[in-house]
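Colleague:
Numbering (our numbering), first residue to last: 70 to 211.
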């Protein structure tokens with residue numbers, strides 16, 4: 070009985086892990102629009118407090134999806150860093166550029182950068198408008 074309880078506790082603790090699962094580019098589908106996720110510069114994902122991971126082909130799909138759920142269930146929000154394809158960064162700390170000169174999978178022209186300096190540099194060459202996470206959430210909630 071002791072072993073059963075130990076195994077049960079270990080299963081619960083390990084099962085509620087909010088570590089992101091790697092996105093399988095070219096195989097995984099977007100949770101919001103069902104498109105296959107192929108773009109390593111624009112993908113996004115979030116993990117719930119219960120450990121479930123949701124992947125998206127673009128930041129705008131994640132933003133549209135989180136409008137429809139209870140945000141208090143989210144443990145972590147991640148977006149791909151445009152300058153480091155396939156690498157995720159904290160979505161709430163990223164700086165975003167909406168520029169028609171940088172296409173994104175869903176046509177919102179939304180791109181995430183790890184730092185404000187990188188986003189400003191991209192803006193210099195591509196024009197567009199910069200946003201923080203909170204500003205972006207407000208824009209998508211209109």
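Idealized CB from N, CA, C, for every residue including glycine.
On a predicted model such as this, the values are computed, not experimentally measured, just so you know.
1) Cα separation between residue 206 and residue 100?
2) Can you tell me which of the three DSSP states residue 192 falls into?
3) Is it the case that the stretch 133–142 contacts the stretch 152–166, given that we only count it when at least three CB pairs across the two stretches are under 8 Å?
4) Taking only three categories from DSSP, how would you classify residue 149?
5) Does DSSP put residue 138 in a helix, a strand or coil?
6) Is the stretch 118–132 close to the stretch 95–109, with three or more CB pairs under 8 Å?
7) Short check: CB of residue 89 to CB of residue 147, under 8 Å?
8) Could you compute how far the alpha carbon of residue 166 sits from the alpha carbon of residue 201?
9) Pull up the distance between the alpha-carbon of residue 78 and that of residue 177, whole angstroms please.
10) According to DSSP, residue 94 sits in a beta bridge with which residue or residues?
11) For residue 82, which of helix, strand or coil comes out of DSSP?
12) Per DSSP, residue 116 is paired with what?
13) Measure the alpha-carbon distance for residue 150 versus residue 109 and round it to whole angstroms.
Modeller: The short version:
1) As a first step, residue 206 is located in the chain shown; it is residue number 137 there, counting from the start. As a first step, residue 100 is located in the chain shown; it is residue number 31 there, counting from the start. Cα to Cα, the separation comes out at about 18 Å.
2) If you number the chain shown from 1, residue 192 lands on position 123. Helix at residue 192.
3) no
4) Counting from one through the chain shown, the residue named residue 149 turns up at place 80. Three-state DSSP puts residue 149 in a strand.
5) As a working mapping, residue 138 is identified with position 69 in the chain shown. Residue 138 falls in the coil class under three-state DSSP.
6) yes
7) Indexing the chain shown from 1 puts residue 89 at position 20. Indexing the chain shown from 1 puts residue 147 at position 78. Result yes, Cβ atoms of residue 89 and residue 147 sit closer than 8 Å.
8) To locate residue 166, count along the chain shown from 1; it is residue 97. To locate residue 201, count along the chain shown from 1; it is residue 132. If you take the alpha carbons of residue 166 and residue 201, they lie about 9 Å apart.
9) Position 9 of the chain shown, counting from 1, holds the residue named residue 78. Position 108 of the chain shown, counting from 1, holds the residue named residue 177. Residue placement at residue 78 is poorly supported in this model, since its pLDDT is 49, which falls under 50; the coordinates still yield a value, given next. Their Cα atoms are separated by approximately 44 Å.
10) As a first step, residue 94 must be located in the chain shown, where it is residue number 25. Paired residue(s): none; residue 94 is not in a bridge.
11) For this step, residue 82 is matched to residue 13 along the chain shown. The predicted model places residue 82 with a pLDDT of 48, which falls under 50 and marks its position as unreliable; any figure quoted below should be read in that light. Reduced to three states, the DSSP call for residue 82 is helix.
12) Numbered from 1 along the chain shown, position 47 holds the residue referred to as residue 116. Looking at the DSSP assignment, residue 116 forms a beta bridge with 122 and 145.
13) To locate residue 150, count along the chain shown from 1; it is residue 81. To locate residue 109, count along the chain shown from 1; it is residue 40. Looking at the two C-alpha atoms, the distance is approximately 9 Å.
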